[in-house]
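In the working numbering, the protein residues as written are 107 to 327.
Working notes, structure below.
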DNA sequence: GCCCAGGTGGGTA
DNA sequence: TACCCACATGGG
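Next comes the structure, spelled out in structure tokens:
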């Protein structure tokens with residue numbers, strides 16, 4: 107089947123099942139960026155604890171994050187794991203924003219997508235997924251976010267053979283769908299939702315999966 | 001006790 | 001380029 111049609115049908119089925127999703131739980135663009143760094147290789151529940159700590163300490167802004175003592179910051183983000191690395195990465199982001207963008211992520215994100223993406227990627231601790239999450243969910247740039255869930259679902263559905271690299275899987279979506287930030291936002295949120303519900307690694311049976319008729323795994327038990 | 005989670009960077013061949 | 005490995009906590 108035509109890739110565009112297939113991707114569109116998957117989106118429609120998920121949308122119909124879950125309803126409209128406007129995704130990424132955060133109150134400000136900067137909080138999105140903080141969450142994007144904290145969520146690296148961990149679960150969102152752990153990230154929520156860390157963000158709660160940051161909120162209670164009133165350091166969810168570049169200026170405040172820049173000021174806070176590294177040892178205190180490490181303690182706050184500890185629940186999210188890799189706490190020394192992540193505290194350092196948050197510091198670097200805050201430092202960069204304060205030095206070059208008036209302490210406001212929105213100023214950086216106001217630029218054109220590609221240069222902003224390159225700038226984000228130049229920060230230590232910001233890789234492609236983190237950069238694209240910030241671009242899409244904090245800045246409304248039309249980039250498709252590829253994460254472990256995206257890999258898992260595409261593999262399940264037979265859209266990819268073997269492990270595709272980040273850029274190739276991103277291109278699969280971006281080359282076949284209109285560059286629409288709202289749709290990319292919703293699509294990625296739906297992928298996360300369906301993976302959490304029925305597409306878990308240890309649960310190959312997908313009895314209630316809204317994508318059952320698309321999924322080769324569904325008929326193989 | 002073991003595996004895993006919404007990655008990234010550094011080292012080696 | 002293609003693999004390893006470290007980084008660390010908490011849930012199932």
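Think of the CB as a built atom: it goes at the ideal place given N, C-alpha and C, for glycine as much as any other residue.
Measure the CB-CB distance between residue i and residue j and report whether it falls below 8 Å.
i: residue 236; j: residue 142; result: yes
i: residue 124; j: residue 296; result: yes
i: residue 169; j: residue 209; result: yes
i: residue 196; j: residue 179; result: yes
In angstroms, rounded to a whole number, what distance separates the CA positions of residue i and residue j?
i: residue 325; j: residue 165; result: Reliability of the predicted coordinates at residue 325 is poor, the pLDDT of 43 falling under 50, and no value is obtained from them.
i: residue 226; j: residue 243; result: 14 Å
i: residue 203; j: residue 318; result: 45 Å
i: residue 300; j: residue 274; result: 22 Å
i: residue 156; j: residue 240; result: 18 Å
i: residue 245; j: residue 115; result: 27 Å
i: residue 277; j: residue 251; result: 10 Å
i: residue 188; j: residue 107; result: 43 Å
i: residue 308; j: residue 269; result: For residue 308, the predicted structure reports a pLDDT of 44, less than 50, and the residue's modelled location is therefore unreliable. The matter cannot be settled from this model.
i: residue 232; j: residue 110; result: 30 Å
i: residue 207; j: residue 218; result: 15 Å
i: residue 122; j: residue 292; result: 12 Å
i: residue 303; j: residue 205; result: 42 Å
i: residue 184; j: residue 177; result: 10 Å
i: residue 113; j: residue 145; result: 26 Å
i: residue 137; j: residue 167; result: 8 Å
i: residue 339; j: residue 271; result: With the chain covering only 107 through 327, there is no way to say anything about residue 339.
i: residue 322; j: residue 191; result: 39 Å
i: residue 284; j: residue 149; result: 30 Å
i: residue 223; j: residue 256; result: 20 Å
i: residue 327; j: residue 117; result: Unreliable positioning characterises residue 327 in this predicted model, as indicated by a pLDDT of 30, which lies under 50. The coordinate reading is nonetheless provided below. About 25 Å.
i: residue 282; j: residue 248; result: 13 Å
i: residue 305; j: residue 258; result: 8 Å
i: residue 289; j: residue 280; result: 11 Å
i: residue 298; j: residue 159; result: 25 Å
i: residue 134; j: residue 215; result: 13 Å
i: residue 234; j: residue 194; result: 18 Å
i: residue 320; j: residue 129; result: 24 Å
How far does the alpha helix (DSSP H) with residue i in it extend, from its first residue to its last?
i: residue 147; result: Element bounds for residue 147: n/a, residue is neither H nor E.
i: residue 329; result: Absent from the structure is residue 329, since the part of the chain shown begins at 107 and ends at 327.
i: residue 221; result: 219-227
i: residue 188; result: That residue, residue 188, is in no alpha helix (DSSP H); it is neither H nor E in DSSP.
i: residue 213; result: 211-215
i: residue 122; result: 109-124
For the putative contact between residue i and residue j, defined by C-beta atoms under 8 Å, what is the C-beta separation to the nearest angstrom?
i: residue 211; j: residue 139; result: 6 Å
i: residue 316; j: residue 127; result: Not quite, the Cβ-Cβ distance comes to about 13 Å (not below 8 Å), so this is no contact.
i: residue 199; j: residue 229; result: 6 Å
i: residue 162; j: residue 186; result: Their Cβ separation, rounded to whole angstroms, is 15 Å, which puts residue 162 and residue 186 out of contact at 8 Å.
Length-filtered (3 minimum) beta strand (DSSP E) runs lying within the segment 235-262: None, since the segment 235-262 contains no complete beta strand (DSSP E) of that length.
3 or more residues per run - each beta strand (DSSP E) lying fully within the segment 262-293: Whole beta strand (DSSP E) segments, 3+ residues: zero.
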